[in-house]
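Q: With the numbering used here as the guide, the letters of the sequence shown map in order to residues 8 to 635. For each residue, glycine too, the CB sits at the ideal point set by N, CA and C.
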Amino acid sequence: MKFLYKIFSNPADSLSIFSRDEIDEIEKSIYEKGWKLFIKSYSRWEEEKQIWSEKKWAPEEIVRQLYLRELLKKYNYPKERVDIEKSVRFGREVKRVDIVIYSEDNETPHLMVEVKAPHEKNDVEQLKSYLNADWTPFGVAINGKSLLILYRPYPKDFDTLSDIPKFWETFEDVLSRRIFLDDLDEPKQLKEVIQNMEELVLANSGFDSFDEIFKLIYAKLHDEKESMENLKRPLEFRKSPTKDAGATKSDISRLFEQAKKRWKWVFEKSETIKLLPEHLSICVWEIEKFKLLWTNLQVIDEAFEYLIPDVAKSKKWQYFTPRIVIDMCVRMMNPWANETVIDTACGSGGFLIHVMEYLKKKHDWSNAKMSSYAKQHLFWIDFDERSSKIARAMMLIAGDGKSHIYKENSLDGAAWSEESKADFKREELLTEFSDYEKNEQNKKEFLHFDFDLLLANPPFAWEVKESATLAKYQLGKHPKTGKNISKISRHLLFIERNLNFVKPGGRLALVLPQGVFNNTSEEYIRKFMMNHARILSVVGIEWNSFKPHTGTKTSVIFLQKWDDELCPKLENYPIFFATSKVPFKNNSWDYIYKNDLSRDSENLQSDLFPIAEAFQIWAEEQNLSFVK
C-alpha cells in the first residue's frame with residue numbers, strides 16, 4: 008500500500024468501514040505520473056482524477072472513490088445514474104454535492120452523499136440541507152471511519168437507516184430484510200457510531216446518553232444470545248418493518264425486559280427505556296447492523312470510555328487503562344489457570360478480561376472453558392455504578408455470564424453490602440488468622456484476603472479523610488510520630504489496601520503516578536512497599552499513553568509479597584527497571600499501528616511487549632516462583 012500510506016498514516020484505520028478487498032482494489036487504481044498521484048475515477052465524467060497536487064483533498068477523494076465503487080458494485084446502481092459535484096442552490100449560495108444518484112428520470116435526485124476525510128466529522132446538518140433543497144429521500148454522510156444514512160419521508164422529519172436500498176429496492180424492502188447473526192458486521196469504529204447517535208437525537212432527548220445507550224446494548228446482547236443459541240432465529244433488535252416508531256419501541260422494550268430477567272444484577276426492575284419512539288428508532292438503526300458478542304474489545308472499550316462524560320472522568324479520574332499497557336502487565340505477571348485474581352478499581356474490567364484471554368490463548372481453552380474459569384477465579388470491584396455496568400457488559404461481550412463484579416468501595420470493606428460480604432465468605436477468600444481476635448476482626452472489617460494476583464489502576468485523585476477508614480491502615484498514621492493523620496491521597500492508601508488483598512507470595516501490578524517513585528515526600532511509601540513485598544520491576548509508561556484524559560506521568564510497579572517459601576525476604580536483590588519510549592498514540596491521541604492488518608494491541612507501535620519479553624527472560628534467570 009505504498010500510495011495509500013502516503014495519504015493516510017494507517018489506511019485500514021482511516022478507511023475502516025470498507026473491506027480489505029476494497030482497500031486493496033483502490034490501492035491498485037492509484038498510479039504515479041510525472042511525480043503526481045492519480046486515481047482511476049468511477050465517475051462517468053472523468054477517467055482519472057489527480058489527487059496529489061492538493062494533498063489536503065486526497066483523503067476525501069479516496070473515500071469518495073471507495074464509496075462510488077460500492078454504489079456501482081454492491082448496490083448495482085447504473086453508472087449513468089451517478090453524478091459527482093452536483094450544484095445545489097441555497098438562495099444565492101451554490102454548493103456542490105459530492106455524489107448524487109438520480110431517479111429513473113435522470114433528473115430527480117434519489118440519493119445524495121456528503122463525503123469527508125477520515126479526520127473530519129461527518130456533517131449531518133449539511134447533508135440534511137442538501138436533502139431539503141431538492142426533496143431527496145435518501146442521504147449518506149461518510150468519512151471512511153463512520154457512515155450515517157438518513158431517510159426523509161417528506162414531509163415528515165428525518166429518520167435513519169442501517170443500509171441504503173439497492174438499485175431495485177424500495178424503502179419497504181430495506182425494512183423487511185430478515186437479519187441473522189452471521190449477517191452482522193464487527194464494529195470497527197463504534198465510538199463514531201455513538202457520536203452520530205448523540206448528534207442526531209440523544210443530546211437533545213432530555214435523558215442521560217450513558218443510561219439509555221446501555222439499555223439498548225443489553226437488549227441487543229440478549230437478542231444476540233438468543234440467536235446464538237438458535238442460528239435459524241432472525242434477530243429482533245431492529246426497526247419494525249411496519250415503519251411505526253411506536254412498534255419499534257415496543258419490540259426493543261420487550262427485549263430489554265427479557266434482558267433484565269436474564270441479567271437481574273445489572274438493572275433495577277423498575278427501569279425502562281425512556282427515549283421517545285422517534286428517538287429510539289434512530290438509535291436502533293445506528294447499531295442494529297453491528298455484532299457485539301465476541302467482538303474486538305478495544306473497539307468496545309473506546310466507545311464505553313467515550314460514553315462516560317468528560318466531567319465525570321476529570322472529577323473521578325476514571326481513565327481507562329490502555330489495553331496494550333494491560334497486556335504488558337498480564338504478560339509480566341504470568342497468571343496461572345488455578346490462581347484467583349482481583350482488580351480493586353476495575354473500571355471497564357480490562358485487566359481481568361486480558362487475564363482471561365491470556366489464559367485462553369496459553370492453554371487453548373474453548374469459550375466455555377474460559378467462561379467457567381472467569382466465574383470461579385475473577386473478582387472485580389469498583390465504587391462507581393457506571394464503571395461496574397461497563398465491566399459487566401464487557402464480560403458479557405467477552406462471552407462470560409455472571410462474574411463476581413461488585414459496586415463497592417474497596418478501601419472500606421466493613422461498609423460493603425451483606426450480599427458482597429457473603430460472596431467473599433462463600434468463596435473462602437478471607438484470610439484465616441490463628442489469633443482469634445484478629446480473625447474475628449477480619450471477618451467484621453474485611454481487611455485481609457488470600458488472592459494470588461492483583462492488577463489495578465487506582466484513581467489518582469481525591470483524598471481519604473474519614474478517620475474511621477484511616478484508622479484501619481498503617482499508612483493512616485504519620486510515618487515519624489505514629490499519630491493518626493487527617494488525610495491521605497487515595498492512590499497511596501490503595502497501595503496498602505492492595506497489599507492486604509493478596510496472600511503471602513501473591514503478586515501485584517499497580518499503575519501509579521510517577522511521583523510515588525520520585526518525590527522525597529513519598530519516600531515513606533516506597534519504604535512501606537519494600538517492607539511488605541519484593542519489588543520485581545518498575546516500568547515507566549510513555550507520557551502520551553493516557554492522553555487526552557490526563558498528562559500525568561505514570562509507572563507500573565510489580566510486587567511480590569514476602570513469603571518464607573515463595574518469596575523469602577532479602578535485604579539486597581536485583582530489580583528490573585525499564586522505560587517505554589515508543590509512543591502508541593500520536594499527538595492527536597489516535598492509536599499508531601505498525602501496519603493495516605488489525606486494530607488489536609498486538610499491532611500497535613510500542614516497545615511495551617519487548618519490555619515484557621525482556622522481563623520474562625530476566626525473571627527466569629532470577630528463578631522467580633511464578634515463572635514457568
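Report yes or no: do three or more beta-carbon pairs, one from the segment 345–359 and one from the segment 410–424, lie closer than 8 Å?
A: Because the criterion of three Cβ pairs below 8 Å is met, the segment 345–359 and the segment 410–424 touch.
Q: Tell me the DSSP bridge mates of Leu611?
A: Partner(s): Tyr600.
Q: Just the C-alpha distance for Gln612 and Trp372, rounded to the nearest angstrom, thanks.
A: Approximately 28 Å between the Cα atoms of the pair.
Q: Just verifying my parser: in three-state terms, what is the DSSP assignment at Ala252?
A: Residue state, collapsed to three classes: helix.
Q: Going by DSSP, which residues form a beta bridge with Ala516?
A: Partner(s): Leu462 and Phe565.
Q: Using three-state DSSP, classify Gln521 as helix, strand or coil.
A: It is coil, neither helix nor strand.
Q: Mind checking whether Arg497 and Pro466 have CB atoms under 8 Å apart?
A: Yes, the Cβ-Cβ distance between Arg497 and Pro466 is below 8 Å.
Q: By Cβ distance below 8 Å, which residues in the same chain neighbour Leu506 in space, the five residues on each side in sequence not counted?
A: Excluding sequence neighbours, Leu506 sits near Leu515, Met536, His539, Ala540, Leu566 and Lys568.
Q: Which one of Ala468, Gln383 and Leu631 has the shortest CA to CA distance from Asp430?
A: Ranking Ala468, Gln383 and Leu631 by Cα distance to Asp430 puts Gln383 first.
Q: Quick one, are the C-beta atoms of Pro160 and His117 less than 8 Å apart?
A: No; because the gap between Cβ atoms is not below 8 Å, this pair is not in contact.
Q: Start and end of the alpha helix (DSSP H) containing Ser288?
A: Where Ser288 is concerned, the enclosing alpha helix (DSSP H) stretches over Pro284 to Ile294.
Q: What do you reckon, is the C-beta of Arg497 under 7 Å from a heavy atom of the ligand ADP?
A: You won't find the ligand ADP in this model; it holds no ligand whatsoever.
Q: Using a 10 Å radius around the Cβ and a threshold of 16 neighbouring Cβ atoms, would you call Leu11 buried or exposed?
A: Buried.
Q: In the DSSP assignment, find the unbroken beta strand (DSSP E) run with Ser544 in it and report its ends.
A: It spans Ala540 to Gly547 - the beta strand (DSSP E) in which Ser544 sits, taken as one unbroken run.
Q: With DSSP as the reference, please indicate the residues paired to Arg103 in a beta bridge.
A: Ser94, per the DSSP bridge assignment.
Q: Could you check where the alpha helix (DSSP H) with Val273 kicks off and where it finishes?
A: Per DSSP, Val273 belongs to no alpha helix (DSSP H) and is neither H nor E.
Q: Go to Ile149, then tell me how far its beta strand (DSSP E) extends in each direction, as first and last residue.
A: Per DSSP, Ile149 belongs to the beta strand (DSSP E) from Phe145 to Ile149.
Q: Once the 5 residues before and after Trp292 are set aside, which same chain residues still bring their CB inside 7 Å of it?
A: Thr167, Leu168, Ser169 and Lys246, listed in sequence order.
Q: Specify the secondary structure class of Asn630 as computed by DSSP and reduced to three states.
A: Asn630 falls in the coil class under three-state DSSP.
Q: Along the beta strand (DSSP E) that carries Phe45, what are the first and last residues, could you check?
A: Segment Lys43 to Lys47, the beta strand (DSSP E) holding Phe45.
Q: What does Asn17 pair with, by DSSP beta-bridge criteria?
A: DSSP output for Asn17 lists no bridge partner at all.
Q: Could you check whether Gly151 and Pro125 sit closer than 8 Å to each other, using their CB atoms as the reference points?
A: For Pro125 and Gly151, yes; Cβs fall inside 8 Å.
Q: I'd like to know if Lys222 contacts chain D, where contact means its C-beta is closer than 8 Å to some C-beta of that chain.
A: Of the protein chains in the structure, only one exists, and it is not chain D.
Q: Excluding the 5 residues flanking Tyr82 on each side, which residues of the same chain have their C-beta closer than 7 Å to its C-beta?
A: If we look at Tyr82 and ignore the five residues flanking it on each side, its Cβ neighbours are Ile171, Lys173 and Phe174.
Q: Please state whether DSSP places Glu470 in a helix, a strand or coil.
A: Glu470: strand per DSSP, three-state reduction.
Q: Kindly indicate the opening and closing residues of the alpha helix (DSSP H) around Pro66.
A: Pro66 -> alpha helix (DSSP H) spans Ala65 to Lys80.
Q: Check the C-beta distance from Ile349 over to Phe274 and give it rounded, since I have them as a contact under 8 Å.
A: Their Cβ separation, rounded to whole angstroms, is 25 Å, which puts Ile349 and Phe274 out of contact at 8 Å.
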